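A short worksheet on the structure shown next.
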Amino acid sequence: METWRSFELVGMESGRQSREHPSESPSGKTVLTGPTQSISACLLSTMTSAVCTQYALDLGRLCHDLKNTQEDMKNFQDKVTGTLVKLEGILGYLTELVARLETRIHNVEQRLRVEEDKGTARSKVLSFLLPRENDLRKRCTIMENMFFKKWTWLEEMVQKWTKDWRSPAQLQFAIRERGNRSLALELGSEDQTSTGSYEGLGWE
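All residue numbers for the sequence shown refer to UniProt numbering, where the first residue is 1 and numbers rise by one.
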C-alpha cells in the first residue's frame, strides 16, 4: 500500500511540473524535456517495481493461504480416514454380531421345530389315550357299583349269620352228630362192598 501511495505522489508531482513548464515542438506538439522524461522513466520503473512487489506479496499470501488450506485438507483427510477406520471396525463387529444372532436364531428355529414335532406326537398320543381313559373311568364306576352291591350283600349275610349263631355246646353237639353220620355212612358203604365181594366168591 505504501508503494502505491508513493507512486501516486510521484505522479502528482510530475503532473504539476509538466503543467508549469510545458514544452512545444516546432510542429505545435508538446515534447517531454530531459527532466520530465527522466521523471516518467523513474515513475515507470517505480510503478513496475510496485506492481511486482504487490504481485509478489499477493503471491506470498496466496502461497501461505494455499499451504494453510493444504494443511487443513490434510488434517480433515486424516480425521476422515480415522473415522472411516473406526466405522470399518464397528461394521466388522456388527457383522460378527449379526452372524452370531443368525446362528442363534437358526438354533432356536430348529428347537422350535423339534418341540412342534414333539407337541404333534403328544397330541396324537393324547387323542388316542383320552377315549381309553373315559372307557376306563366308566368301567371303574361300574366295578365300584358292583363292589358296593357285593359289599352290602355280604354285610346282610354276615348280619344274618350272626343272628343264627348257636352256643358253643350246641355247635359241638351238631359237629358230633355230623361226624357220626359221616362215619355211619362210610361204614355202611364198606359193609355193602364186603357183602358184594363175598357173594361173588360164593361164600355165605
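C-beta atoms are modelled at their ideal positions from N, C-alpha and C, and glycine is treated no differently.
Please read all numbers here as calculations on a predicted model, not as lab measurements.
Quick one: grab the DSSP three-state call for residue i.
i: H21; result: Because H21 carries a pLDDT of 45, less than 50, the predicted location of this residue cannot be relied on, and no value is offered for it.
With 8 Å set as the bound, which would you pick, yes or no: does the beta-carbon of residue i sit closer than that to a beta-carbon of chain D?
i: D72; result: Included in the structure is just one protein chain, with no chain D present.
Alpha helix (DSSP H) runs contained entirely in the region 54-87, provided each spans 4 or more residues: none
Whole runs of the alpha helix (DSSP H) within the region 95-162, excluding any shorter than 4 residues: none
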